[in-house]
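**Student:** Here it is, the structure in full.
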Amino acid sequence: MVQYTAPDAAETLLLAWRRTSRHGSPQPPVRLRGLTPQSRYRDARTGAVHHAAVLTEYGMHLDLPPGDWSSAAVHLIRETEG
């Protein structure tokens with residue numbers, strides 16, 4: 001997993017991949033870093049909104065397709081107040 005975050009934490013890009021299948025074992029959530037703690041972030045692809053505190057403390061479940069070397073990219077954009 002690789003995460004790129006803008007210097008002002010307004011956006012972050014998460015790139016994740018699975019090297020080999022885990023034989024039915026669930027993937028653990030991926031914890032993000034460097035987000036603005038009290039903010040919410042919107043997934044640019046799905047429109048889902050996530051609280052930064054949940055993303056940093058608990059993590060985000062990624063729906064990686066089955067199979068070796070499956071991958072996903074998630075682009076999160078901080079929601080503006082108002």
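At position 19 of the sequence shown the residue is numbered 19 (full-length UniProt numbering), and the sequence of numbers has no breaks.
Note that beta-carbon positions come from the ideal geometry of N, C-alpha and C, so glycine has one too.
For L35 versus L76, is the C-beta distance shorter than 9 Å?
**Tutor:** A contact, by the Cβ cut-off of 9 Å.
**Student:** Is the separation between the beta-carbon of L13 and that of T20 shorter than 9 Å?
**Tutor:** Taking 9 Å as the Cβ cut-off, L13 and T20 do not qualify as a contacting pair.
**Student:** Does Y58 pass the burial test, meaning 16 or more other C-beta atoms within 10 Å, or should it be called exposed?
**Tutor:** By the neighbour-count rule (16 or more Cβ atoms within 10 Å), Y58 is not buried but exposed.
**Student:** For E57, which three-state DSSP category applies?
**Tutor:** If DSSP states are grouped into helix, strand and coil, E57 belongs with the helices.
**Student:** Report yes if the C-beta distance between A52 and S39 is below 9 Å; otherwise report no.
**Tutor:** Going by C-beta atoms, A52 is nearer than 9 Å to S39.
**Student:** What first and last residue would you give for the beta strand (DSSP E) that runs through W17?
**Tutor:** First-last of the beta strand (DSSP E) with W17: 11-17.
**Student:** Compute the beta-carbon to beta-carbon distance between residue 84 and R78, rounded to the nearest angstrom, for a pair I have assumed lies under 8 Å.
**Tutor:** Since the first residue of the chain shown is 1 and the last is 82, residue 84 is not available in this structure.
**Student:** CA-CA distance, A16 and Q27?
**Tutor:** One C-alpha to the other measures close to 11 Å.
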